[in-house]
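Each residue of the sequence shown is one higher than the one before, starting from 6 at the first, in my numbering.
From the three backbone atoms N, C-alpha and C, an ideal C-beta is built for every residue, glycine too.
In this text, all values refer to a predicted model and were calculated from it rather than measured experimentally.
Below: the structure, in structure tokens.
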Amino acid sequence: MSVRAERRTALRAKLIEVTSKQIAKNGLRNVTARSVASEADCAVGSIYTIFEDLDALFIAVNMQSFEMLAGKVARKMIEEEPETPTERLKVLAHSYFEFVQSQQNLWKALFQIDMGAESDAPKDYKDLVRSLLSLIGAPLLEISPDSSPKQIDTRARALFSSVHGIILLGIEGRLSAVSTENIGEMIDYLVETVS
């Protein structure tokens with residue numbers, strides 16, 4: 006690798022690291038190109054030599070957040086060794102909830118970038134989302150082995166959306182039937198109902 010390519014790779018990593026820290030601390034909406042450049046000790050224009058725009062930088066951070074989430078889920082599966090598909094679904098859902106609790110601003114950022122339709126997202130980003138959905142789909146297929154891949158995908162998306170909605174309503178304290186104290190219980194009820 007040339008010196009120039011090494012510098013470019015190092016700057017890319019630094020920009021992602023700085024942006025991730027700023028999002029985690031202040032939320033996505035409070036991160037600017039100027040604040041990132043200042044902390045990364047580079048010119049604002051340098052960001053745009055690496056990333057097409059600020060959203061592309063945010064997407065790179067989100068990919069890292071997805072990887073953190075996947076790592077958390079994998080560790081939880083090893084620790085808890087769930088035996089049944091229903092237990093695996095519960096571990097997945099509770100791992101997601103724990104990620105939300107520990108990385109709230111990074112979690113919110115996953116859903117704050119306007120990429121339009123899913124088809125507009127970068128391929129690597131879509132692959133990460135698909136891999137996380139497949140973690141939900143595997144136990145669902147065990148529960149309903151005669152289901153088609155399309156049915157499993159739909160059910161996995163529905164279950165994810167439902168768990169996400171419960172957590173979102175509880176975390177944001179919106180006027181609803183969800184309180185932070187019973188999110189875990191509601192998640193369990195939902196998973197048991199589905200399976």
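DSSP three-state label for residue i, please.
i: glutamine 108; result: coil
i: serine 25; result: helix
i: glutamate 186; result: helix
i: serine 200; result: coil
i: methionine 73; result: helix
i: glycine 32; result: coil
i: alanine 15; result: helix
i: methionine 82; result: helix
i: aspartate 58; result: coil
i: proline 90; result: helix
i: aspartate 193; result: helix
Between which two residues does the alpha helix (DSSP H) holding residue i run?
i: threonine 54; result: 49-55
i: aspartate 158; result: 154-177
i: glutamine 117; result: Where glutamine 117 is concerned, there is no enclosing alpha helix (DSSP H), given that its DSSP letter is neither H nor E.
i: aspartate 132; result: 128-148
i: serine 7; result: Per DSSP, serine 7 belongs to no alpha helix (DSSP H) and is neither H nor E.
Leaving out five residues on either side along the sequence, give the residues of the same chain with a beta carbon under 7 angstroms from the beta carbon of residue i.
i: glycine 178; result: none
i: alanine 45; result: Lys19, Leu20, Val23
i: isoleucine 52; result: Leu20, Ala38, Val41, Ala42, Leu62
i: proline 127; result: Ile64
i: alanine 29; result: Gln108, Asn110, Leu111
i: cysteine 47; result: Leu16
Spell out whether any CB of chain B is found under 8 angstroms from the CB atom of residue i.
i: tyrosine 130; result: In the structure shown, chain B does not exist; there is a single protein chain.
Leaving out five residues before and five after residue i in sequence, what residues of the same chain have Cβ atoms less than 8 angstroms from its Cβ?
i: aspartate 129; result: Met68
i: leucine 94; result: Ile141, Pro144, Leu145, Leu164, Val196, Val199, Ser200
i: proline 87; result: Arg93, Lys95, Val96
i: serine 152; result: Leu145, Leu146, Arg160
i: leucine 115; result: Asn67, Ser70, Phe71
Using a Cβ-Cβ cut-off of 6 angstroms (strictly less than) and excluding sequence neighbours within five positions of residue i, which residues of its own chain qualify?
i: phenylalanine 71; result: Leu133
i: threonine 185; result: Gly175
Measure the beta-carbon distance from residue i to residue j and round it to whole angstroms, keeping in mind my assumption that it falls under 8 angstroms.
i: valine 105; j: isoleucine 192; result: Actually they do not touch by this definition, with Cβ atoms about 11 angstroms apart.
i: valine 183; j: tyrosine 101; result: With 8 angstroms as the limit, valine 183 and tyrosine 101 do not qualify as a contact, their Cβ atoms being about 15 angstroms apart.
i: isoleucine 118; j: aspartate 60; result: 6 angstroms
i: lysine 113; j: leucine 33; result: 7 angstroms
i: leucine 138; j: arginine 162; result: 6 angstroms
i: isoleucine 55; j: arginine 13; result: 7 angstroms
Would the beta-carbon of residue i be found less than 7 angstroms away from any heavy atom of the ligand GDP?
i: isoleucine 21; result: Summarising the ligand content, the structure contains no ligands, and the ligand GDP is consequently not present.
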